[in-house]
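Note that the protein sequences, when read in sequence, are chains A and B. Residue numbers for the first sequence, in the numbering used here: 1424 to 1591. Residue numbers for the second sequence, in the numbering used here: -19 to 193. All C-beta atoms in this analysis are idealised placements derived from N, C-alpha and C, irrespective of residue type, glycine included. Report on the structure given below.
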Amino acid sequence: MLGLAGDEVAYRAYLREMTAHLRSFLRRRLRGLPEDVEDLLQELLLALHNQRHTYDPAQPLTAWVHAIARYKIVDHLRRRSRSEALNEPFDDGEPFAGADHDAAEARYDVATLLRELPDRQRQLIEYVKIGGASVAEAARLTGMSESAVKVGIHRGLRKLATRMRGVR
Amino acid sequence: MKTEDLVALLSTRVEPVDAAHGRRRFLLAAGVGSAIAVALVLRGLKLNPGLGQAILVPMFWVREAFCAALAGAGMMGLARLARPGRRLGIVPAAVVIPVVAMWLLAMAVLTAASPPDRLALIVGRTARVCPFLIALLAVPSFIAFIWLLRGLAPTRLRLAGAAAGFAAGSIGALAYSLHCPEFAAPFIAAWYLLGMAIPTVIGAWLGPRLLRW
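Shown next, in the form of structure tokens:
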């Protein structure tokens, strides 16, 4: 997979393809919870990214993706049932509330979660992942070493994944 | 943030994956865990003073091979359970075959022995401490393997925790065997396995608590 070699265009195409695939995968499996689909989809995409080092190119990609998706669905449902046991849901009358919202918008806002990351990690993600600066440029701007920049971005995105799980 | 924007964020300036990184971490975890266990044996328990003669006894090597085979099977299971979508394949067989072989050998030894000697073959002189010392020596490897798994993506948390415990238990047993004066197959079939089972059960219990991501 070219995306694993750091090819930005190939990696973006792969993530787009996974977005479409996983959205329908999630819709089929979360039939009663249409409002959760986009939330979980964003969580899944972040997981595919953060865990991409666990993919072995000798193994079928679908087996890897689906194992992650199934794990995240089970994890999601378990957390959901736990939080529902704690606070009684009061939106029973409107099971499809929110179904008209833009399907590509999740309920939590990744941008907000990003702002809540520790300053250094947030700054690095803003420079490199949003601003498109190279790792070398970010290293110059912050006075950090290049490997520290990479580690900072990696940690920041992992922390983001943890925050996403905690929000719902 | 829209999903499309997240995709753009993740793919911008994506770094190539370092394929050797996982292997290095694996070797580091196994190496550090075993080294600490061996150091604990050398400093705390002392080497078996009869080790020089023991290495001439075939049963010594059967015992070492038994522990090493299980450590290998445990680590193979660990490597597979750490990655989503990998099948266990031959791992269950690699665990079961040495165990059954040791039990058969123990049974043969017990059958051949005269009835009054049988209990001594099972209990030896150190059965009371053996499993607990093995479990204790498994602790450093167990911590290292949990650290390893937390950097990867196990999807079957209970099984992954159990594999970490089992691999750590077998490494603990291997380290303990440098101290242990017992070579009878019935002893190993009972107490060594119990020593490995303790961290395995603890790992299965802790897995879902420690490995969620």
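Just the C-alpha distance for residue i and residue j, rounded to the nearest angstrom, thanks.
| i | j | result |
| --- | --- | --- |
| Val89 (chain B) | Pro95 (chain B) | 11 Å |
| Ala1561 (chain A) | Gln1544 (chain A) | 11 Å |
| Leu1580 (chain A) | Asn1473 (chain A) | 7 Å |
| Gly1521 (chain A) | Met55 (chain B) | Because Gly1521 (chain A) carries a pLDDT of 44, less than 50, the predicted location of this residue cannot be relied on, and no value is offered for it. |
| Arg130 (chain B) | Thr1485 (chain A) | 23 Å |
| Gln1465 (chain A) | Ala59 (chain B) | 27 Å |
| Leu174 (chain B) | Leu1467 (chain A) | 40 Å |
| Arg1454 (chain A) | Met1587 (chain A) | 21 Å |
| Val18 (chain B) | Ala155 (chain B) | 5 Å |
| Asp1532 (chain A) | Met(-19) (chain B) | 5 Å |
| Arg(-7) (chain B) | Arg3 (chain B) | 25 Å |
| Ala0 (chain B) | Ala1508 (chain A) | 44 Å |
| Leu1583 (chain A) | Leu1537 (chain A) | 7 Å |
| Gly1554 (chain A) | Ile1548 (chain A) | 8 Å |
| Met1567 (chain A) | Glu1431 (chain A) | 24 Å |
| Lys1573 (chain A) | Leu20 (chain B) | 37 Å |
| Gly1516 (chain A) | Glu1569 (chain A) | With a pLDDT of 48 at Gly1516 (chain A), under the threshold of 50, the modelled position of that residue is not reliable, and no figure is offered here. |
| Gln33 (chain B) | Pro161 (chain B) | 11 Å |
| Ala1556 (chain A) | Asp(-2) (chain B) | 21 Å |
| Leu117 (chain B) | Ala73 (chain B) | 25 Å |
| Asp1523 (chain A) | Arg1501 (chain A) | Note on Asp1523 (chain A): pLDDT 43, under 50, position unreliable in the model; the coordinate value appears next. One C-alpha to the other measures close to 26 Å. |
| Leu(-10) (chain B) | Pro(-4) (chain B) | 13 Å |
| Tyr1550 (chain A) | Gly1575 (chain A) | 12 Å |
| Thr91 (chain B) | Pro111 (chain B) | 24 Å |
| Thr1535 (chain A) | His1444 (chain A) | 26 Å |
| Pro1457 (chain A) | Arg1450 (chain A) | 7 Å |
| Asp1525 (chain A) | Asp(-15) (chain B) | For Asp1525 (chain A), the predicted model reports a pLDDT of 49, less than 50, meaning its position is unreliable and no value from the coordinates is stated. |
| Ala1481 (chain A) | Gly104 (chain B) | 48 Å |
| Pro44 (chain B) | Arg1493 (chain A) | Checking the sequence shown, residue 44 (chain B) turns out to be Glu, not Pro. Cα-Cα distance, rounded: 40 Å. |
Just to confirm the assignment, what range does the alpha helix (DSSP H) spanning residue i have?
| i | result |
| --- | --- |
| Asp1459 (chain A) | Element bounds for Asp1459 (chain A): n/a, residue is neither H nor E. |
| Val76 (chain B) | Val71 to Ala92 |
| Asp194 (chain B) | Residue coverage of chain B in this structure runs from -19 to 193, which leaves residue 194 (chain B) outside it and unanswerable. |
| Asp(-15) (chain B) | Thr(-17) to Ser(-9) |
| Arg138 (chain B) | Leu137 to Tyr156 |
| Gln1546 (chain A) | Asp1542 to Ile1548 |
| Trp185 (chain B) | Leu173 to Leu190 |
| Glu1560 (chain A) | Val1558 to Thr1565 |
| Leu1537 (chain A) | Val1533 to Arg1538 |
Taking residue i and residue j to be in contact with their CB atoms under 8 Å, please state how far apart those CB atoms are, rounded to whole angstroms.
| i | j | result |
| --- | --- | --- |
| Gly69 (chain B) | Gly141 (chain B) | Not really, about 20 Å apart at Cβ, beyond 8 Å. |
| Leu31 (chain B) | Ile126 (chain B) | About 32 Å; that fails the 8 Å criterion. |
| Met39 (chain B) | Phe163 (chain B) | 4 Å |
| Ala143 (chain B) | Gly57 (chain B) | 4 Å |
| Ser150 (chain B) | Met176 (chain B) | 6 Å |
| Pro194 (chain B) | Ile1491 (chain A) | Not covered by the structure: residue 194 (chain B). The range shown for chain B is -19 to 193. |
| Leu139 (chain B) | Leu36 (chain B) | The Cβ separation is near 40 Å, so there is no contact. |
| Pro78 (chain B) | Leu50 (chain B) | 6 Å |
| Glu1440 (chain A) | Thr(-17) (chain B) | Going by Cβ atoms, the distance from Glu1440 (chain A) to Thr(-17) (chain B) rounds to 13 Å, so no, they are not a contact pair. |
| Ala124 (chain B) | Ala9 (chain B) | 4 Å |
With DSSP as the reference, label residue i as helix, strand or coil.
| i | result |
| --- | --- |
| Leu132 (chain B) | coil |
| Gly1516 (chain A) | No answer about Gly1516 (chain A) holds up, because its pLDDT of 48 lies below 50 and its placement is not dependable. |
| Ala1443 (chain A) | helix |
| Ala203 (chain B) | The displayed coordinates of chain B run from -19 to 193. Any statement about residue 203 (chain B) would go beyond what the structure contains. |
| Ser1568 (chain A) | coil |
| Ala(-5) (chain B) | One point to set straight first is that residue -5 (chain B) is Glu, not Ala, in the sequence displayed. In this structure, Glu(-5) (chain B) counts as coil in the three-state DSSP scheme. |
| Cys110 (chain B) | helix |
| Arg60 (chain B) | helix |
| Pro120 (chain B) | helix |
| Gly2 (chain B) | helix |
Against residue i, what residues of chain E qualify as contacts under a CB-to-CB distance less than 8 Å, listed in chain order?
| i | result |
| --- | --- |
| Leu1468 (chain A) | You won't find chain E in this structure, because its protein chains are A and B. |
Give a single yes or no on whether residue i has its beta carbon closer than 6 Å to a heavy atom of the ligand GTP.
| i | result |
| --- | --- |
| Ala1428 (chain A) | The model on display carries no ligand, and the ligand GTP is accordingly not part of it. |
Runs of alpha helix (DSSP H) lying entirely within the segment 12 to 55 of chain B, each at least 4 residues, in chain order:
31 to 34
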